[in-house]
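Working notes, beginning with the structure itself.
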Amino acid sequence: MIEVKLVSEHYKDTAEHSALDDFQELFDEFAETHGLHYNKRNFRILESYPNGMPMAKYGIRSTNCEEFRQFLSGIKAQKYHLQYASVKCGPMTFSYCMAFSCNPYEFRGSSTTTPKLK
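Numbering-wise (this note's numbering), the sequence shown opens with residue 6 and increments by one.
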């Protein structure tokens with residue numbers, strides 16, 4: 006299972022805009038370009054808005070971690086309003102500062118444990 010953490014540059018949701026909508030669009034684009042279909046068996050939100058931060062953590066199965074990392078490296082962060090992203094592939098975690106000013110250590114902690122997908 007791949008763990009993906011995404012942090013939005015938008016700190017407040019509005020009626021017209023939600024960080025989770027942006028994140029879903031990112032996964033939809035990846036799935037479309039790689040011939041995948043995400044559903045509740047292979048794609049789950051593990052955590053969202055911890056301590057009010059515009060952040061979500063996802064668990065993804067049936068996805069090549071290296072392909073997802075390359076996809077993240079090639080996207081325009083502004084399209085999805087991303088400030089930070091991390092991808093955990095087994096024991097390795099890869100961090101991406103997507104904004105001009107980004108402190109990756111600010112986003113490392115998590116308030117909950119990650120449940121296992123069966």
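Positions of the beta carbon are idealized from the N, C-alpha and C atoms, including for glycine.
All values reported here derive from a predicted model rather than from experimental measurement.
Item, Value
"Name the residue from V92, F76, K45 and R46 whose alpha carbon lies nearest to the alpha carbon of E37.", "F76"
"Need the endpoints of the alpha helix (DSSP H) that L51 sits in, please.", "It is not in any alpha helix (DSSP H) - L51 instead sits in the beta strand (DSSP E) that spans F48 to S53."
"What does G64 pair with, by DSSP beta-bridge criteria?", "E8 and R49"
"Alpha carbon to alpha carbon, how far is S23 from P96?", "31 Å"
"Going by the beta-carbon positions, is the gap between H86 and H42 smaller than 7 Å?", "no"
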